[in-house]
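Q: My questions will all concern the structure given below.
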Amino acid sequence: MTLNLFSAELSPDLFGGIAALLYLLYLWLQLRSQAIEAFPNRRVAALITPALGMHLVYTVLIVSAGSGVYLSIWSSAVIMTFVAMVCTFYLYLVQGYRVLALVTVPLAIISLFFGLLLSPIEGTLIDQPTVIVHVLISMLTYAILGLAAVQAASIIVLHQRLKKNDSTAFVKLMPPLQTVESTAMHLLWLGVSLLTLTVVTGLIFRWDFVQQGNYVFHMWLALTCWVLYLALICGQLWFGWRGQTSARLTLLAFAILLIGYFGLKFVFGYGT
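For the record, in the sequence shown the residue sitting at position 145 is 145 according to my numbering, with numbers rising by one throughout.
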C-alpha cells in the first residue's frame, strides 16, 4: 500500500510543472532586473539547481517504459532542452556567459508546457539497449549543436549591430565578439564529435532498419550534415573561416539536421 501511494505521488506533471514555474520565476526576475550583470549568481543557482532537478525527474518519468523508453517529438524536445539548460547555466555560472539563458529558458518552458498539455506523452517504444545508447547520444548532439546554432545567430546579429555602431541593449548585454565566436567554436567542435558518434552508432546499431528502407532518408540527411559540419571545421582550421561565413554555415547545417529528425517524426513517425 505504501509503495502504491509513493508511486502515485510520482506524477510527471508535478515535477514538470514545478520546473516550468521555477524557470518562469527566474526569467521574470532576470528581465525585471536593471542589468543581467546585476543578477547575483547565488540567486541564479538557488532557482536553477532545483529547476534542473525537477526537469531531470520529469524527463526520466515521461520516457521510462519498464524495459525501454518512449520517444516522441515532445519528449525529445524535453530531453534536448534539459541538456541545453545544463550547458547554458554551466556557461552562465562558471564562465559568466549570461545572455544565452534568455533564449534557452523560454524554449525549456515551452517544451515543458507542451509536454504537460499533451500528457501523457506517448511515442515509439525503444527497448534495445544499443538503440537507447544511440538515441541518448543523438539527443546530446541535437542539444549541443542547437546551442551552437543560437551562438551563430548571435554572431550574425552582433556583426550587423556593430557595423551600424548600434548600442542597443542587445549589444550591451552580449560578451565581446571574440568570446561569442570562441564559445560557438567550442560548442561546434563538441557537437560535431557527438554527431560523429551518432552517425557511427546509427550505422552499427540500426543497420537492419536501414536495410528495410525506413531509415535511408534520415541516414543521408545525417551524413550530409556531418559532411557540412566537418567542412566547416576544416574551413576554420585551414582557411580561417570566422564571423558570418562560419555562422551561416552552422545555421544551414543545423536546419538540415532538424529536418532530418523532426521531419521524419512528423511525416513518418520515426527518426533518431
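The beta-carbon is built from N, C-alpha and C at its ideal position, and this holds for glycine as well.
Give me the DSSP bridge partner(s) of Gly68.
A: Partner(s): Ala65.
Q: Whose CA, out of Phe113, Arg43, Arg98 and Leu136, lies closest to the CA of Ser64?
A: Nearest C-alpha to Ser64: Leu136.
Q: Please work out which residues of its chain come closer than 8 Å, Cβ to Cβ, to Val267, disregarding the five sequence neighbours upstream and downstream, and give them in chain order.
A: The predicted position of Val267 is uncertain, since its pLDDT is 49 and thus under 50; no value can be drawn from it.
Q: Please determine, among Gly146, Arg32, Leu118 and Ala51, the residue with the shortest C-alpha to C-alpha distance to Ala20.
A: Considering only alpha carbons, the answer is Ala51.
Q: Of the residues Ile155, Gln95, Trp74 and Leu91, which one's Cα is nearest the Cα of Ile144?
A: Here the closest residue by C-alpha is Leu91.
Q: Look at the alpha carbon of Ser193 and the alpha carbon of Ala247, and state the distance between them as a whole number of angstroms.
A: Cα to Cα, Ser193 sits roughly 18 Å from Ala247.
Q: Tell me where the beta strand (DSSP E) around Leu125 begins and ends.
A: Element bounds for Leu125: Thr124 to Ile126.
Q: Could you check which residue in Leu258, Leu251, Leu27 and Ser11 has the C-alpha nearest to that of Ala153?
A: For the residues Leu258, Leu251, Leu27 and Ser11, the minimum Cα distance to Ala153 belongs to Leu251.
Q: Which of helix, strand or coil does DSSP assign to Leu258?
A: Helix, per DSSP.
Q: Near Gln320, what residues of its chain come up, given a Cβ to Cβ distance below 8 Å and the 5 sequence neighbours on each side ignored?
A: Outside the modelled stretch of the chain, which goes from 1 to 272, sits residue 320, for which no answer is possible.
Q: Taking the C-alpha atoms as reference points, what is the distance between Gly269 and Tyr97?
A: Residue placement at Gly269 is poorly supported in this model, since its pLDDT is 49, which falls under 50; the coordinates are not used for a value here.
Q: Checking 9 Å against the spacing of the C-beta atoms, do Met80 and Met139 come in under that value?
A: Yes, Cβ-Cβ distance for Met80 and Met139 is below 9 Å.
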